[in-house]
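Heads up: the structure comes next, in structure tokens.
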Amino acid sequence: MAERKVLVKYYPPDFDPKLLPNNHRPKGKQDNVRNMLPMTVKCNHCGNYLYIGTKFNMRKETVWTENYLGILIHRFYFKCTYCYAEITFKTDPRNHDYIVEGGGTRNYDPYRDAKAAEEVLKQMRANEEQGDSMKFLENKTHDSKKEMDILDAIDDTHQLNRRQTQFTPDMLLKQLFYDLDALELQEEWEKSKGFKEQFKVKRLSDTNEKEDKTMHSVTQHLKQVVVQQQTKQVQQQVKPKFIKKQVCCEKDGEKVGVTKEENKDDLTVKQENQNQIQSLVDDDYQD
């Protein structure tokens, strides 16, 4: 029974590969491929826009008359979806882009303009440096400084990455557990603090100095008011300005008690009034 997959072939001694028929493809042959549109194109025939990423059945051929540093250039043919007009574009290996050849117009792309502007600036710089050695040295110094800044930024990034790699997952879990424990302790402390404040007994030693001063001033004011009121009451009362004294006299050989009245001086009356006012004030303050 013959093998289903031939792995070993027999070549006779008189085998000559030059006698084999030439199966090379002709250079002008085209291939049918399924390809996406790499850019937005406007059809010149009907004005329809064909957007980037649209799939087409295209015909591909190799442009043998053109190349860039040995890189082959390919041309693609496809048709508009509205009017079926043929549009062609080819590869541009020099600029890593595509060029629309016929049948359509490429839409504006700011990225291409930025690249073109960069090339123009490079050309202008080369022209300036060609005849001026000082300008060449200045540009070279500026470039070296820019490279040093880039290297410093890369160094910082490497150091940051090293720090992050040194922080292992186990260390991260431990840090998370420590944070959770600290949070629980904080919550318990706040709860206990609130509980103590609810059942706290206010003592004399706990009062502030400001409250003591306020209470003292209020007490003094009340005392003054009471003194003024009691003074008015005492002044309104009519008191006798004389003193009754019992004097012992002899009458017919017998001792007889006689009541005698003597006038009070002004100083004595004033002293009595002050003593009475002070006693009344002290009684009211104690109450």
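Residue numbers for the sequence shown, in the UniProt record's numbering: 1 to 287.
The beta-carbon is built from N, C-alpha and C at its ideal position, and this holds for glycine as well.
DSSP links C83 through a beta bridge to no other residue. In this structure, the CA atom of K140 is about 19 angstroms from the CA atom of V120. Of the candidates K79, A126, P12 and K42, K79 places its Cα closest to the Cα of K55.
Residue environment analysis places V8 among the exposed positions, since fewer than 16 neighbouring C-beta atoms fall within 10 angstroms of its C-beta.
Counting other Cβ atoms within 10 Å of its Cβ, F89 reaches 16 or more and is therefore classed as buried.
Shown here, N48 sits in coil according to DSSP, grouped into three states, outside any helix or strand.
Counted as a single uninterrupted DSSP element, the alpha helix (DSSP H) harbouring G131 occupies residues P110 to G131. Per DSSP, the continuous beta strand (DSSP E) segment holding Y68 begins and ends at K55 to Y68. The three-state reading of DSSP puts G103 in coil, since its state is none of H, G, I, E or B.
Excluding residues up to 5 positions away in sequence, P93 lie with their Cβ nearer than 7 angstroms to the Cβ of I71 in the same chain.
When secondary structure is reduced to three states using DSSP, R34 falls in the strand class.
Residue state for T168 is assigned as coil, using DSSP reduced to three classes. Straight-line spacing of the CA atoms in Y77 and Y68 works out to 21 angstroms. Pairing R25 with T105, the inter-Cα distance amounts to about 33 angstroms. Going by C-alpha positions, G131 is about 52 angstroms away from A85.
Judged by DSSP in its simplified three-state form, T91 adopts strand. If you draw a straight line from the Cα of E138 to the Cα of T157, it comes to about 29 angstroms. If you draw a straight line from the Cα of T165 to the Cα of I150, it is about 23 angstroms long.
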